[in-house]
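The numbering of the sequence shown is the working numbering, which starts it at 5 and goes up by one. Encoded as structure tokens, the structure appears first; notes follow it.
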Amino acid sequence: MAHETHLSRPLDLSAAASSSSLVDIDGVVGEATLIDVERGRDQPPDSDQASFHKTRGGTLTKRIKYYVPGTSWIPNYSLSFLGGDVLAGLTVASMLIPQSVSYATSLAQMGPLTGLVSLSRLVYAFLGTCRQLNVAPEAAISLLVGQAVGEIILDLPDPHSDDAAAIKIAISTIITMQVGLFAFLLGFFRLGFIDVVLSRALLRGFITAIAVVIMIEQLVPMFGLTALMHEVHPVSTFDKAVFLLEYVFTSANITTTVISFSALAVLVGIRIIKGAFQKYWWIYRLPEVLLVVVFSTILSDEFNWDKDGVEILGAVPITSMKSFIQFPLQAANLKYLRRTTTTSMLITVVGFLDSIVAAKQNASRFGYSISPNRELVALGASNLAASIVPGTLPAWGSITRSRINGDVGARTQMASLVCSAVVLLATFFLLPWLYYLPKCVLSAIICLVVFSLLREAPHDIAYYLKMRAWVDLSLMFLTFFSALIWNIEVGITLSMIVSLLLVVHRSSKTRMTILNPEAEEDVSGALIVRIRENLDFANTAQLKERLRRLELYGLNKSHPSEEPRRQQATVLVFHMADVETCDASAVEMFYELCEEYKSRHVRLFVTHLRPRPLAMFSKAGIFDLLGDEAFQLNVADAMTRVEGHR
């Protein structure tokens with residue numbers, strides 16, 4: 005049987021060059037104009053000018069509709085969707101208004117208005133790819149903003165002065181602007197894959213820690229201990245838990261405590277009833293949060309709860325700045341740029357992860373696709389636009405609200421536009437009616453969110469124990485305890501570093517196997533190794549050590565202290581059919597590896613080499629180092645060459 009004994013280098017290199025000119029990095033065949041340019045025919049004939057420009061115009065229109073989805077669905081909006089979209093917008097707004105006020109006042113340490121006034125929903129409605137995603141401030145995000153605000157305000161002599169209020173607005177504005185910029189750049193540079201890098205265990209540990217931190221934070225106002233906490237000033241979450249245990253039985257306000265836990269009991273009770281009677285749409289769509297807010301405000305006014313020491317919302321000024329809209333990059337805001345950059349980066353990652361989960365759930369449920377990169381661009385642009393309103397909180401997608409949005413009937417982003425209109429009307433016309441709203445009721449509303457955040461933790465822990473996934477379980481608890489003992493930023497940063505190190509550790513090991521262990525029976529000292537993935541700087545760094553282990557111990561896992569089970573190779577054959585690409589660093593390392601084996605007088609062969617690696621090897625000088633004979637079409641040809649020289 006005749007074998008072709010070597011690769012024809014000039015022929016294969018030219019083939020590789022021609023094929024690479026037609027294929028881009030995504031493997032998409034290039035347009036014919038790339039070839040036409042070489043022939044001097046980059047422009048169509050005059051007779052086809054009209055058709056050419058029409059085609060280009062149609063392509064441009066498609067691109068605009070792709071990158072700005074609002075230009076696609078708004079002109080083609082069907083009135084059959086209007087009823088569901090309007091109902092969904094009203095329902096979500098009834099939840100969003102009290103939630104946003106709660107997040108702003110109780111978590112972000114800002115005024116109520118900062119949680120309501122936002123342009124993010126309007127901008128996302130035009131740029132977002134998810135039709136049901138509802139964009140607004142979230143509990144975890146607001147908590148991170150509140151921690152950044154609290155650390156900076158501590159430097160002031162009076163944290164409750166007018167100067168402190170202006171500083172809070174500046175901090176929130178610069179954080180929102182940075183969050184928008186970071187998200188936009190991540191999407192622009194196509195880094196939306198970060199949602200698959202961070203493990204579910206890390207996210208579960210983070211979400212559980214967030215839930216516990218929020219619960220402890222809100223128990224303080226629910227027991228009426230806010231004023232005392234400002235005097236004692238516990239710093240960490242652990243300190244606040246100790247503070248609660250020390251003072252809850254001696255200094256709690258009885259009226260505030262009764263109101264808080266009564267409101268929480270009513271909220272939980274209505275949730276249970278709604279779950280039991282889902283088939284009755286009018287029960288399922290009850291806005292329990294809005295009902296509790298309205299009735300508690302009426303009762304507070306009627307019975308003068310504020311005279312019993314119950315803190316109330318009070319008057320809410322529409323704006324405390326000179327202008328309702330301001331350019332965010334002002335000197336007053338830029339003062340806090342460096343101190344808030346880390347927080348802004350964490351908010352970007354956490355917000356995107358929540359948003360992409362919500363978007364993927366709804367896209368799968370309603371049968372359409374979403375793009376993580378375009379989502380990042382849309383959410384980034386939304387927050388950049390929102391930052392022109394001083395004091396606006398960063399806004400991201402909500403898993404809970406988005407699910408309810410779809411359940412009630414939202415089929416397009418018209419629901420978000422309706423929701424925005426209702427929230428805007430409430431901001432300017434309904435806030436005065438909430439003057440007597442007890443702040444402890446807002447804390448009870450946030451505690452309701454805690455239950456949903458904690459709901460999946462027991463299931464995940466049980467699953468990891470069942471699967472003996474000790475690494476995942478350890479990562480989850482590392483995130484949880486570090487966030488509680490230090491703070492949320494330390495917890496998520498430490499866990500992200502560990503998670504990324506695990507990813508790098510796993511990806512740095514080149515997947516290799518001994519293709520034909522029986523080759524040693526025919527040719528003594530022969531080792532045939534198949535590399536089963538593309539080569540890059542990360543996985544090639546350990547290639548030398550792993551080859552040495554294969555050479556001495558084979559595929560069996562053995563400790564380096566044990567005696568070698570195989571003799572050192574005298575012939576090494578690389579089977580590279582699975583290697584489609586390799587970067588310059590990997591080729592350089594491979595060159596150095598070949599030099600070392602040649603110095604040991606080991607014969608080297610490379611088989612099944614594809615066009616792109618072939619071209620890279622040629623440019624790097626590996627052909628000159630090994631000679632044409634070392635490059636064979638297949639392993640059989642290489643072994644024939646070895647036997648022929650014996």
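Think of the CB as a built atom: it goes at the ideal place given N, C-alpha and C, for glycine as much as any other residue.
At least 3 beta-carbon pairs within less than 8 Å: the region 288 to 299 vs the region 85 to 101:
yes
Per-residue burial, PRO436 [other beta carbons within 10 Å of its own, 16 or more giving buried]:
Stepping through the sequence shown from its first residue, residue 436 is reached at position 432. PRO436 is exposed by the Cβ-count criterion.
What separation, rounded to the nearest whole angstrom, lies between the Cα atoms of ARG407 and ALA363?
Within the sequence shown, the letter at position 403 stands for residue 407. Within the sequence shown, the letter at position 359 stands for residue 363. Distance between the alpha carbons of ARG407 and ALA363: 10 Å.
When we look at the beta-carbon of PRO161 and count the other beta-carbons within 10 Å, is it buried (16 or more) or exposed?
Residue mapping note: residue 161 aligns to position 157 of the sequence shown, counting from 1. Exposed, because fewer than 16 other Cβ atoms sit within 10 Å of the Cβ of PRO161.
Cutoff 6 Å; reference GLU525; Cβ partners in own chain excluding five residues on either side
The residue given as residue 525 occupies position 521 in the sequence shown. Its pLDDT being 45, under 50, GLU525 is placed unreliably by the model, and nothing is read from it.
List the residues that DSSP assigns as beta-bridge partners of HIS579.
The residue labelled residue 579 in the question sits at position 575 within the sequence shown. Looking at the DSSP assignment, HIS579 forms a beta bridge with ARG534, THR611.
Counting only runs of 4+ residues fully inside the region 241 to 284, write out the alpha helix (DSSP H) ranges in chain order.
241 to 255, 258 to 280
If I measure Cβ to Cβ from ALA20 and keep anything under 6 Å in the same chain, skipping five residues before and after, which residues do I get?
Taking the sequence shown and counting its residues from 1, one reaches residue 20 at position 16. Low per-residue confidence applies at ALA20: pLDDT is 42, beneath 50, and the placement is therefore not dependable, though the value from the model is reported in the following sentence. These residues qualify, in order along the chain: PRO615, LEU618, ALA619.
Based on DSSP bridge pairs, tell me the residues matched to TRP400.
To locate residue 400, count along the sequence shown from 1; it is residue 396. Note: TRP400 sits in a beta bridge opposite ALA140.
Quick test of the definition: if touching needs 3 or more C-beta pairs under 8 Å, does the region 203 to 219 touch the region 444 to 459?
yes
Paired residues, beta bridge with PRO442 - DSSP
Looking up residue 442 in the sequence shown gives position 438. DSSP lists ILE316 as partners of PRO442.
According to the neighbour-count rule (16 or more other Cβ atoms, all chains shown, within 10 Å of its Cβ), is THR352 buried or exposed?
Locating residue 352 in the sequence shown gives position 348, where the first residue counts as 1. Buried.
Kindly indicate which residue of ALA590, LEU576, ARG550 has the alpha-carbon position closest to the one of ALA542.
Taking the sequence shown and counting its residues from 1, the one referred to as residue 542 is at position 538. If we check each option's Cα against that of ALA542, ALA590 comes out closest.
Mind checking ASP167: buried by the 16 CB within 10 Å criterion, or exposed?
As a first step, residue 167 must be located in the sequence shown, where it is residue number 163. Classification of ASP167: exposed, given that the 10 Å Cβ count is below 16.
Going by beta-carbon coordinates alone, are LEU111 and GLY150 separated by less than 7 Å?
Counting from one through the sequence shown, the residue named residue 111 turns up at place 107. Counting from one through the sequence shown, the residue named residue 150 turns up at place 146. Yes.
Taking just the CA atoms, how far does SER420 sit from GLY384?
Translated into positions along the sequence shown, residue 384 becomes position 380. Translated into positions along the sequence shown, residue 420 becomes position 416. Approximately 17 Å, taken between the alpha carbons.
Below 8 Å, can you find three or more Cβ-Cβ pairs linking the region 260 to 268 to the region 439 to 447?
yes
Among THR241, PHE188, TRP490, THR75, the one whose alpha carbon lies nearest that of MET349
Here residue 349 refers to the residue found at position 345 when the sequence shown is read from its first residue. The candidate whose alpha carbon is nearest that of MET349 is PHE188.
Give, in chain order, every unbroken run of the alpha helix (DSSP H) that is at least 4 residues long and sits entirely within the region 336 to 396.
341 to 370, 376 to 390
Would ILE501 pass as a contact of PHE210 if the rule is Cβ separation under 7 Å?
Along the sequence shown, read from residue 1 onward, the residue named residue 501 stands at position 497. Along the sequence shown, read from residue 1 onward, the residue named residue 210 stands at position 206. No. Outside cutoff.
Could you pull the start and end residues of the alpha helix (DSSP H) that CYS586 belongs to?
Sequence index remark: in the sequence shown, residue 586 carries index 582 (1-based). Neither: CYS586 is in no alpha helix (DSSP H) and is coded neither H nor E.
When the Cα atoms are used, what is the spatial distance from GLU35 to THR416?
Here residue 35 refers to the residue found at position 31 when the sequence shown is read from its first residue. Here residue 416 refers to the residue found at position 412 when the sequence shown is read from its first residue. For GLU35, the pLDDT reaches just 36, beneath the cut-off of 50, and the residue's location in the model is therefore unreliable, although a value from the coordinates is still provided. When rounded, the distance between both Cα atoms is 35 Å.
What three-state label does DSSP hand VAL32 in the structure shown?
For this step, residue 32 is matched to residue 28 along the sequence shown. Unreliable positioning characterises VAL32 in this predicted model, as indicated by a pLDDT of 36, which lies under 50. The coordinate reading is nonetheless provided below. The answer is coil: DSSP assigns VAL32 none of H, G, I, E or B.
The region 466 to 476 touching the region 127 to 145, judged by at least three CB pairs closer than 8 Å:
no
Please say whether ALA634 and PHE594 have beta carbons closer to each other than 7 Å?
Locating residue 594 in the sequence shown gives position 590, where the first residue counts as 1. Locating residue 634 in the sequence shown gives position 630, where the first residue counts as 1. Cβ distance not < 7 Å, so PHE594 and ALA634 don't count as in contact.
Fully enclosed by the region 127 to 213, which alpha helix (DSSP H) runs are 4 residues long or longer?
143 to 157, 166 to 192, 198 to 201
Buried or exposed (CB count within 10 angstroms, at least 16 for buried), GLU647
Sequence index remark: in the sequence shown, residue 647 carries index 643 (1-based). Exposed is the call here.
Along the chain, where does the alpha helix (DSSP H) that runs through SER478 open and close?
Within the sequence shown, the letter at position 474 stands for residue 478. Segment 474 to 489, the alpha helix (DSSP H) holding SER478.
Are the beta-carbon atoms of LEU64 and ASP199 separated by less than 7 Å?
Counting from one through the sequence shown, the residue named residue 64 turns up at place 60. Counting from one through the sequence shown, the residue named residue 199 turns up at place 195. In this structure, ASP199 does not lie closer than 7 Å to LEU64 by Cβ.
For the candidate residues ILE156, LYS172, LEU397, GLN182, whose alpha-carbon lies nearest to that of SER104?
Looking up residue 104 in the sequence shown gives position 100. Considering only alpha carbons, the answer is LEU397.
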